[in-house]
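See below for the structure under consideration.
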Amino acid sequence: MADFPASVPQRGILVGGLLAGWNCAILAVVLVNGKPLLKTRCTPPGAWPFPQDVRFKPGDFDGIEVVAGDAPDRIWINERIKRLQEDQAPKNKASAV
Numbered sequence: 015m016a017d018f019p020a021s022v023p024q025r026g027i028l029v030g031g032l033l034a035g036w037n038c039a040i041l042a043v044v045l046v047n048g049k050p051l052l053k054t055r056c057t058p059p060g061a062w063p064f065p066q067d068v069r070f071k072p073g074d075f076d077g078i079e080v081v082a083g084d085a086p087d088r089i090w091i092n093e094r095i096k097r098l099q100e101d102q103a104p105k106n107k108a109s110a111v
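If you want this note's numbering, it's the 1-based position in the sequence shown plus 14.
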């Protein structure tokens, strides 16, 4: 199974996949039925100001390229997924007997 890149800029141009060349901003990293998804807002080349909300699963794109002159924060996707999985895992409670 393909994974997301370890870290990507919060916004930029998609590299690889069906939406290569689209401008993209990551809104959130979520788990749906235990599977990680990136919630994004993307705009096709030349179609501004008509963004579309897109959900990506691992392997849908190779990376995000930073637009020249922009300095977005980086998102560490794998760390966020790990934290989400830990938060959703059932907690083992030791009973004091």
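Yeah, the Cβ is synthetic: ideal placement off N, Cα and C, and Gly gets one too.
Burial state of residue i, where buried means 16 or more other Cβ atoms lie within 10 Å
i: Asn47; result: exposed
i: Trp36; result: buried
i: Leu52; result: buried
i: Leu32; result: exposed
i: Pro104; result: exposed
i: Pro63; result: exposed
Residue from the options whose Cα sits closest to the Cα of residue i
i: Asp84; options: Asp17, Gln24, Ala20; result: Gln24
i: Gln66; options: Asp87, Pro19, Arg94, Ala39; result: Ala39
Rounded C-alpha distance that separates residue i from residue j
i: Gly60; j: Gln102; result: 40 Å
i: Ser21; j: Thr57; result: 21 Å
i: Asp17; j: Gly73; result: 6 Å
i: Met15; j: Asn92; result: Reliability fails at Met15, whose pLDDT of 42 lies under 50, so the model's placement of it is uncertain and no value is given.
i: Ala34; j: Arg88; result: 19 Å
i: Pro19; j: Lys71; result: 11 Å
i: Pro50; j: Arg69; result: 10 Å
For residue i, three-class secondary structure by DSSP
i: Leu98; result: helix
i: Asn37; result: strand
- Query: Quick one: any contact between the segment 79 to 87 and the segment 25 to 41, if contact means 3 or more CB pairs under 8 Å?
  - Reply: yes
Cβ contact (3+ pairs, closer than 8 Å) linking the segment 43 to 60 and the segment 97 to 105:
yes
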